[in-house]
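>
Number of protein chains: 2
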Amino acid sequence: MTDKDAILAANAAFYTAFLSGAFDELAGLWADDNDISCIHPGWPVIIGRAAVIGSWRDILMSPHRPRITCREPYAIVSGDTGRVLCVELIAPMALAASNHFRRIDGVWRMIHHQSSPIAQMAGQSPDDAPPTPRQVH
Amino acid sequence: MTDKDAILAANAAFYTAFLSGAFDELAGLWADDNDISCIHPGWPVIIGRAAVIGSWRDILMSPHRPRITCREPYAIVSGDTGRVLCVELIAPMALAASNHFRRIDGVWRMIHHQSSPIAQMAGQSPDDAPPTPRQVH
């Protein structure tokens, strides 16, 4: 398994844990220290294990927990750090997200998550396909 | 100068370059490869040097270029990577931002930027102070 495959697997595990409401699994995917951070859509920055993991507990336990699907994951890895850029579908919205990882004792652990709504283009209906990441290589 | 001071200085240089419309300086703060990425408010993910730097050129050249002030910068560094979490003030809005850096040949270069509007709380006027990052250490 390449580093990119491994980080994409960690990213997929994050969305699987969220979808199934598996709080312990989701919490275990994050690095176990206070240097983790998160910016939920519309939220201010949150920093530190208690605040970040607590925010995910609140979201998972909410009766209005959204159903999130990850699309178009794209991995960038450099040494022991990397990130996955993707589209999060929370019908009818699409969000642009980045999930940042560090390899700790051989395991890719999440250190930062941020997602933000993609503005809808004029004339675009909610049923349209979400925008595809613009890649120039 | 500690690593945190150095990454905060790189972060400050980014906002100074933006404020003064100095495109070459802003472009030079980014890593010089295709593994850079950016998510502007409301935009989809953009990846690669040409797309990312081109987006900043478009924004800087726009007659509607916003005036952005960086507040509450908070640095997290681990080895040769790190990030600065901060509030961006674009009156009357506040955005939560993360700027991610990698130390390349001794210089902290930007590899990812993402900022997203902070939802206004009920009863909050645009003149209120922006939310402070929640930090639990």
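Line by line, the protein sequences are chains A and B.
Okay, so the first sequence: first residue is 1 according to the numbering used here, each after it adds one.
Okay, so the second sequence: first residue is 138 according to the numbering used here, each after it adds one.
Built from N, CA and C at the ideal position, the CB exists for glycine as well.
Tell me the DSSP secondary structure of arginine 204 of chain B in three-state form.
Looking at arginine 204 of chain B - three-state DSSP - the assignment turns out to be coil, as it is neither helix nor strand.
> Extract the residue ranges of the alpha helix (DSSP H) inside the stretch 173 to 203 of chain B, only unbroken runs of 4 or more that lie entirely within it.
Listed in chain order, they are 186 to 198.
> Give a yes or no on whether 9 Å exceeds the smallest Cβ distance from glycine 42 of chain A to chain B.
For glycine 42 of chain A, the answer is yes, since a Cβ of chain B falls inside 9 Å of its Cβ.
> Measuring CB atoms only, is the stretch 6 to 24 of chain A touching the stretch 34 to 48 of chain A, in the sense that at least three cross pairs come out at less than 8 Å?
No, the stretch 6 to 24 of chain A does not touch the stretch 34 to 48 of chain A.
> Kindly confirm or deny that the stretch 16 to 32 of chain A and the stretch 198 to 209 of chain B touch, where touching means at least three C-beta pairs closer than 8 Å.
Contact between the stretch 16 to 32 of chain A and the stretch 198 to 209 of chain B is absent, because fewer than three Cβ pairs lie under 8 Å.
> Going by CA-CA distance only, name the one from A/Leu60, A/Ile118, A/Asn99, A/Gly82 that's closest to aspartate 24 of chain A.
The shortest C-alpha separation from aspartate 24 of chain A is found at A/Leu60.
> Within 10 angstroms of the Cβ of valine 107 of chain A, are there 16 or more other Cβ atoms? Answer buried if so, exposed if not.
Valine 107 of chain A should be labelled exposed.
> Excluding the 5 residues flanking valine 87 of chain A on each side, which residues of the same chain have their C-beta closer than 6 Å to its C-beta?
The residues are Arg71, Glu72, Ala94, Pro130.
> I'd like to know whether the C-beta of serine 292 of chain B is nearer than 9 Å to at least one C-beta of chain A.
Given that chain B is displayed from residue 138 to residue 274, the structure contains no residue 292 of chain B and the question cannot be resolved.
> Tell me which same chain residues have a C-beta within less than 8 Å of the C-beta of methionine 247 of chain B, skipping the five on either side of it?
These residues qualify, in order along the chain: Ala147, Phe151, Leu166, Trp167, Ala168, Ile173, Asn236, His237, Phe238.
> How would you label histidine 113 of chain A, buried or exposed, when you count the other beta carbons within 10 angstroms and need 16 or more for buried?
Its Cβ being crowded by 16 or more others within 10 Å, histidine 113 of chain A is buried.
> So what does DSSP say about alanine 22 of chain A, is it helix, strand or coil?
It is coil, neither helix nor strand.
> I think arginine 103 of chain A touches aspartate 80 of chain A, with their Cβ atoms under 8 Å apart; what is that distance to the nearest whole Å?
With a Cβ gap of about 4 Å, arginine 103 of chain A and aspartate 80 of chain A count as contacting.
> Any idea if alanine 91 of chain A is buried or exposed, counting beta-carbon neighbours within 10 angstroms, 16 or more meaning buried?
Exposed, since its Cβ has fewer than 16 Cβ neighbours within 10 Å.
> Give the single residue among A/Val45, A/Ile53, A/Leu85 whose Cα lies nearest to the Cα of leucine 159 of chain A.
The requested residue 159 of chain A does not occur in the structure, where chain A is confined to residues 1 to 137.
> Counting only beta-carbon atoms, is tyrosine 211 of chain B nearer than 9 Å to chain A?
At least one chain A Cβ lies under 9 Å of tyrosine 211 of chain B.
> Along the chain, where does the beta strand (DSSP E) containing proline 229 of chain B start, and where does it finish?
Neither: proline 229 of chain B is in no beta strand (DSSP E) and is coded neither H nor E.
> Taking only three categories from DSSP, how would you classify alanine 149 of chain B?
Reduced to three states, the DSSP call for alanine 149 of chain B is helix.
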